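Some notes on the structure that comes next.
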Amino acid sequence: MFKKISLTLLLFFLLIILASCSSEEADPIPWDRLVIEEKDLGYAGYYFITRQNLGQQWEEDGEWTSFEVVFKNTIVCFGSFPKPLKAYFTAHPDYQWVEVYYQGRNCLELVKK
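Here the working numbering is used: the sequence shown runs in plain steps of one and ends on residue 205.
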């Protein structure tokens, strides 16, 4: 009985270790399909992206004030962003879009310089 429980626990922990060690590499950021500009449009940053999934296509955009950059999530990821679609990112001269790894994906985040 003890051997059975020990073997079961050993297999359980082995599966946990293997699952945590085996991670897929995230898709790279599609830099060739991004337009990133530095402009003063009255807010810290803005993005526009057209997404597509399961035959449905929609437009998504977002903008943040300097106050919101401090307190809100300013991360944009590239799920449902197939070729040849493009995305547009604008940042005030005091801000920039930087590459971050977020929830298993490569994304862009608006941060203060």
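Even glycine gets a Cβ: it sits at the ideal position worked out from N, Cα and C. In this text the structure is predicted, and so the values were computed from the model without any measurement.
For residue i, which residues in the same chain have their Cβ closer than 6 Å to its Cβ, ignoring the five residues on either side in sequence?
i: C138; result: Per the sequence shown, the amino acid found at residue 138 is Tyr instead of Cys. Contacts found: E155 and T182.
i: H184; result: D132 and A136
i: K175; result: none
i: Y180; result: V127 and F140
Assuming residue i and residue j form a contact by the criterion Cβ under 8 Å, report the distance between their Cβ atoms to the nearest whole angstrom.
i: R125; j: L202; result: With a Cβ gap of about 19 Å, R125 and L202 do not count as contacting.
i: V127; j: I167; result: Between I167 and V127 the Cβ distance is about 18 Å, and since that is not below 8 Å, they are no contact.
i: E151; j: T142; result: 5 Å
i: P122; j: F173; result: 7 Å
i: D153; j: F140; result: 4 Å
According to DSSP, is residue i helix, strand or coil?
i: E160; result: helix
i: D153; result: strand
i: K178; result: coil
i: N165; result: coil
i: L103; result: Because L103 sits at a pLDDT of 47, beneath the cut-off of 50, its placement in the model cannot be relied upon, and the following sentence gives the value as read from the coordinates. Reduced to three states, the DSSP call for L103 is helix.
i: K205; result: coil
i: L200; result: strand
i: Q195; result: coil
Starting from the C-beta of residue i, find all residues in its chain whose C-beta is less than 8 Å away, skip the five residues before and the five after it, and write them out in chain order.
i: S114; result: A caution first: S114 carries a pLDDT of 46, below 50, which makes its placement in the model too unreliable to give a value.
i: D119; result: F170, R197 and N198
Short of 7 Å in beta carbon distance, which residues of its chain neighbour residue i, apart from the five on each side in sequence? Order them along the chain.
i: K205; result: D186, Y187 and Q188
What are the start and end residues of each continuous beta strand (DSSP E) run of 3 or more residues lying completely inside the region 112–140, in chain order?
-> Within the region 112–140, the complete beta strand (DSSP E) runs of at least 3 residues are 126–130.
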